[in-house]
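Counting from 1, one number per residue, gives the positions in the sequence shown under this note's numbering.
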Amino acid sequence: QVQLVESGGGSVQAGGSLRLSCVASGSTFSSNYIGWYRQAPGKQRVWVAGIDSGAKTNYADSVKGRFTISRDNAKNTVYLQMNSLKPEDTAVYYCRLVENSKNYWGQGTQVTVSS
Numbered sequence: 001q002v003q004l005v006e007s008g009g010g011s012v013q014a015g016g017s018l019r020l021s022c023v024a025s026g027s028t029f030s031s032n033y034i035g036w037y038r039q040a041p042g043k044q045r046v047w048v049a050g051i052d053s054g055a056k057t058n059y060a061d062s063v064k065g066r067f068t069i070s071r072d073n074a075k076n077t078v079y080l081q082m083n084s085l086k087p088e089d090t091a092v093y094y095c096r097l098v099e100n101s102k103n104y105w106g107q108g109t110q111v112t113v114s115s
């Protein structure tokens, strides 16, 4: 059974940085696309960044140039380095893994950015 566990969230001031981690188990991790999403209070969950099995990355326009997604297949872990954080980045951040056309989500980690 595939399980995802996010960590690394917290509270920071605007301009600060955080690094989120998503550890996968029960998955052929290196073969799969992993995405980071976020959900702000009262809003829909939206895609933030993704990385495929070949380490090709892409980003939402709102985070391009500030966030970096990377993966360490030996550790079954995907990271989201978040720099120059803004109050509008405040949300619960989730990772998503797609395997055999099935979606798996972690429980989320809270990121709060104060002005």
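All residues carry an ideal CB built from backbone N, CA and C; glycine is no exception.
Note on geometry: alpha-carbon atoms of SER53 and SER27 lie some 13 Å from one another. According to the DSSP assignment, LYS102 belongs to the beta strand (DSSP E) that extends over 102-105. Minimum Cα-Cα distance from LYS43 among the listed residues SER101, TYR93, TRP105 corresponds to TYR93.
In the assembly as shown, TRP36 is a buried residue. Its beta-carbon has 16 or more other beta-carbons within 10 Å.
The beta carbons of LEU20 and TRP105 sit no closer together than 8 Å. Between SER17 and LEU85, the C-beta spacing is below 8 Å. In the structure shown, the three-state DSSP call for ALA55 is coil. Between TRP47 and ALA55, the CB-CB gap reaches or exceeds 8 Å. Secondary structure at SER84: coil, using DSSP grouped into helix, strand and coil.
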